[in-house]
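Chemist: Below are the structure tokens for one structure; questions will follow.
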Amino acid sequence: MFPPVRTDPPAVRLDPRSSEPACIVERLQGWHLPHLDDPAFLPLHPLLQRNLLLSVPRGLASALGRRQSMGSLVLVARAKGSGSKPTILGLIVARPLNRRGSCWEVQHLRLALAAAELPSSPARGHTASFLLREAIQQAPGAVSWIASASSLDHTRLALLRENGFQPQRTERLWRWSIGDAADLASLPAPLQLRPLHRRNAPLLWHLEQATCPAPLRQVLDRRIDDLLERSGGHGWLLIDPDRNEAVAGARWIADHPSGGHQVELSVHPGWNHLLGSATEVLLRRLAPKGDQLWLLSDTDDGARQQWLAQLGAEEHGDVVLMARSLWRRQDAPAVRGAAQRISAVLEQLQPRLQPRRRSVPTPLVRP
7 MFPPVRTDPP
17 AVRLDPRSSE
27 PACIVERLQG
37 WHLPHLDDPA
47 FLPLHPLLQR
57 NLLLSVPRGL
67 ASALGRRQSM
77 GSLVLVARAK
87 GSGSKPTILG
97 LIVARPLNRR
107 GSCWEVQHLR
117 LALAAAELPS
127 SPARGHTASF
137 LLREAIQQAP
147 GAVSWIASAS
157 SLDHTRLALL
167 RENGFQPQRT
177 ERLWRWSIGD
187 AADLASLPAP
197 LQLRPLHRRN
207 APLLWHLEQA
217 TCPAPLRQVL
227 DRRIDDLLER
237 SGGHGWLLID
247 PDRNEAVAGA
257 RWIADHPSGG
267 HQVELSVHPG
277 WNHLLGSATE
287 VLLRRLAPKG
297 DQLWLLSDTD
307 DGARQQWLAQ
317 LGAEEHGDVV
327 LMARSLWRRQ
337 DAPAVRGAAQ
347 RISAVLEQLQ
357 PRLQPRRRSV
367 PTPLVRP
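Using the working numbering, the final residue of the sequence shown is 373, and nothing's skipped along the way.
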């Protein structure tokens, strides 16, 4: 497990030419949208609009004291003193990967293309680092973070390392266009193909525990409900009924920006021989003919890469998955107050013992 990184000091990136902060970072608001007209931000407008719309019911539910799932965190960096028309330098979109909000993901980190031409704007690397640190500070309940970057994007990889992220594994991105099904062999006995639902979701969770490396498993901190919510109920399992165990599974993750669906294929380490017709059946159940599926495979998994190539999938570069854990220092008064409250509760739980009367010894009378 990689060492935790302290995050208790405030994350402030200063302009090296002055002691003032180089830019202002604030949460996305409605008045920001008209000024996010840089080509780097235009593809994100549907996501940003959806975030603003969902923030209203979430705020109302929070005011009423109702439990509500966490939404994405969107921060915008704008130049100081930009006049009536704010100059947006960049933005970051982060989202929780589980219901408890213990693990967050850097979904998007975009910098304005036009800002680099302004002589008064801070360096692009400073703006990106400032946004990332502010997101880490403001994400509620975050204990760990993950982020991905192309293996060829050395600038992004250096930025993540600078802010405490460490590489976990390198994955290859594949795109498979679903064509006509060839003559697929029948499933090995006694395996059964079953759709993913709440009753068999624990089998998927145990499969994920077996296939995910321990350090990354601790970072993701996924539970059964997290897997169901992320997949939206779109998934299939190969189940061994004799052992009541899922030996392979495929589930939907998200819509891919380039079209098609991003999916996750999991195969138990002891059942790698299923790579072939059995796993192809799983993938074909996720989408109809003519659709596209996007999959990630570990670059160290030669058997899976060979099978994907034989399947006709196309390589689309390597992606480095990076992660970091963090801990936040609690103030000493808060810690002392919590200790006093715990002591008071423990005292109340102790049994009330009545003082026992001491018997007076009878003097010995000698004859």
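Every residue gets a Cβ at the ideal spot worked out from N, C-alpha and C, and that includes glycine. Source: prediction; values computed, not measured.
Go through the region 230-290 residue by residue and report every complete run of the beta strand (DSSP E) that reaches 3 residues or more, in order.
Modeler: 241-246, 251-261, 267-273
Chemist: Please confirm whether residue 326 and residue 150 have their CB atoms less than 8 Å apart.
Modeler: No.
Chemist: Measuring alpha carbon to alpha carbon, tell me which residue in 277, 259, 278, 263 is nearest residue 269.
Modeler: 259
Chemist: Which residue wins for smallest C-alpha separation from residue 284, given the options 273, 293, 294?
Modeler: 273
Chemist: How long is the line joining the alpha carbons of residue 338 and residue 348, rounded to whole angstroms?
Modeler: With a pLDDT of only 48 at residue 338, under the threshold of 50, the placement of this residue in the model should not be trusted; the figure read from the coordinates follows. If you take the alpha carbons of residue 338 and residue 348, they lie about 15 Å apart.
Chemist: Between which residues of its own chain and residue 101 is the CB-CB distance below 6 Å, once the five residues before and five after are set aside?
Modeler: 78, 111, 113
Chemist: If residue 41 sits next to residue 94, beta carbons under 8 Å apart, how far is it from one beta carbon to the other, in whole angstroms?
Modeler: 5 Å
Chemist: In the DSSP assignment, what are the bridge partners of residue 172?
Modeler: Residue pairing by DSSP places residue 172 opposite 329 in a beta bridge.
Chemist: How would you call residue 228, buried or exposed, if buried means at least 16 neighbouring beta carbons within 10 angstroms?
Modeler: buried
Chemist: Excluding five sequence neighbours on each side, which residues of the same chain lie with their C-beta closer than 6 Å to the C-beta of residue 103?
Modeler: 109, 111
Chemist: Exposed or buried, residue 179, counting other C-beta atoms within 10 Å across all chains shown (16 or more means buried)?
Modeler: buried
Chemist: Given this structure, state the Cα-to-Cα distance separating residue 84 from residue 287, to the nearest angstrom.
Modeler: In a straight line, the C-alpha of residue 84 is about 49 Å away from that of residue 287.
Chemist: Within 10 Å of its beta-carbon, does residue 255 have 16 or more other beta-carbons around it, so buried, or fewer, so exposed?
Modeler: buried
Chemist: On the premise that residue 174 lies in contact with residue 329, defined as a C-beta separation below 8 Å, what is that separation, rounded to the nearest angstrom?
Modeler: Residue 329 to residue 174, Cβ: 5 Å. Contact.
Chemist: Excluding the 5 residues flanking residue 291 on each side, which residues of the same chain have their C-beta closer than 6 Å to its C-beta?
Modeler: 242
Chemist: Checking 8 Å against the spacing of the C-beta atoms, do residue 177 and residue 302 come in under that value?
Modeler: yes
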